[in-house]
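Participant: Right, I'll just put the structure down here and ask away after.
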Amino acid sequence: MITRVPGQLPSISGAAGHGDLVVTSGVICPDLLRPGLTPATTPDVRQQIDGALAALRDVLRAAGSDLRYALRVEAFLARPADFPLWDSAFTAAWPADPPARTTLVTGFALPVVLVELQAIAVRAPAAAP
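Right, dumping it as structure tokens:
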């Protein structure tokens, strides 16, 4: 049976799982979804990285997993210059036994987005069906 958890938008599942496997949709810093966001109130890249990591953690937990059970993490950055900040945050989030990782530089449909993350994980042992 496929299980799903809500995503950041009503039209997108946050994650889908089958058995022990959990696959997330891309997540961004939730602050970017606030109504009335202006250039002055747009989170900087560090805030977006932290917010996206927290959102990824939350969706994995809702699906019965956690960051520590991530098998692969994919990061999408708007600017190559932000890679060192992402690399530092990745190392802080996974100081030992990090998941496989890919980082790409790309454009986004929402121009205020600087970082998007997605993951493939397994469910926490107690949560597996």
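Numbered by UniProt numbering, the letters in the sequence shown go through residues 1 to 129 in order. Yeah, the Cβ is synthetic: ideal placement off N, Cα and C, and Gly gets one too.
Taking just the CA atoms, how far does Pro125 sit from Ile28?
Facilitator: Ile28 and Pro125: Cα-Cα distance of roughly 27 Å.
Participant: Roughly how many angstroms lie between the CA atoms of Gly36 and Glu116, to the nearest whole one?
Facilitator: Approximately 21 Å, taken between the alpha carbons.
Participant: With DSSP collapsed to three states, give me the class of Gln118.
Facilitator: The answer is strand: DSSP assigns Gln118 an E or B state.
Participant: Short of 6 Å in beta carbon distance, which residues of its chain neighbour Asp82, apart from the five on each side in sequence? Order them along the chain.
Facilitator: Same-chain partners within the cutoff: Val45.
Participant: Report the residue from Pro98, Leu114, Pro6, Thr3 whose alpha carbon sits nearest the alpha carbon of Arg68.
Facilitator: When only C-alpha atoms are compared, the closest one is Pro98.
Participant: Just to confirm the assignment, what range does the beta strand (DSSP E) spanning Ser88 have?
Facilitator: Where Ser88 is concerned, there is no enclosing beta strand (DSSP E), although the alpha helix (DSSP H) it sits in stretches over 83–93.
Participant: Express the C-alpha separation of Asp87 and Ala96 in angstroms, rounding to a whole number.
Facilitator: So the alpha carbons of these two residues sit roughly 14 Å apart.
Participant: Whose CA, out of Val73, Pro84, Pro111, lies closest to the CA of Trp94?
Facilitator: Of the listed residues, the one whose Cα sits closest to Trp94 is Val73.
Participant: Roughly how many angstroms lie between the CA atoms of Val23 and Arg4, to the nearest whole one?
Facilitator: In a straight line, the C-alpha of Val23 is about 10 Å away from that of Arg4.
Participant: Can you look up Gly36 in the DSSP assignment and give me helix, strand or coil?
Facilitator: Gly36 falls in the coil class under three-state DSSP.
Participant: So the candidates are Arg79, Ala16, Pro10; which of them puts its Cα closest to the Cα of Arg61?
Facilitator: It is Ala16 whose Cα lies nearest to the Cα of Arg61.
Participant: Nearest by alpha-carbon distance to Gln47: which of Arg101, Ala63, Pro30 is it?
Facilitator: Taking only the C-alpha atoms, the option nearest Gln47 is Pro30.
Participant: Run through DSSP, which three-state label would Leu49 get?
Facilitator: A small fix is needed here, since residue 49 is Ile in this sequence, not Leu. The answer is helix: DSSP assigns Ile49 an H, G or I state.
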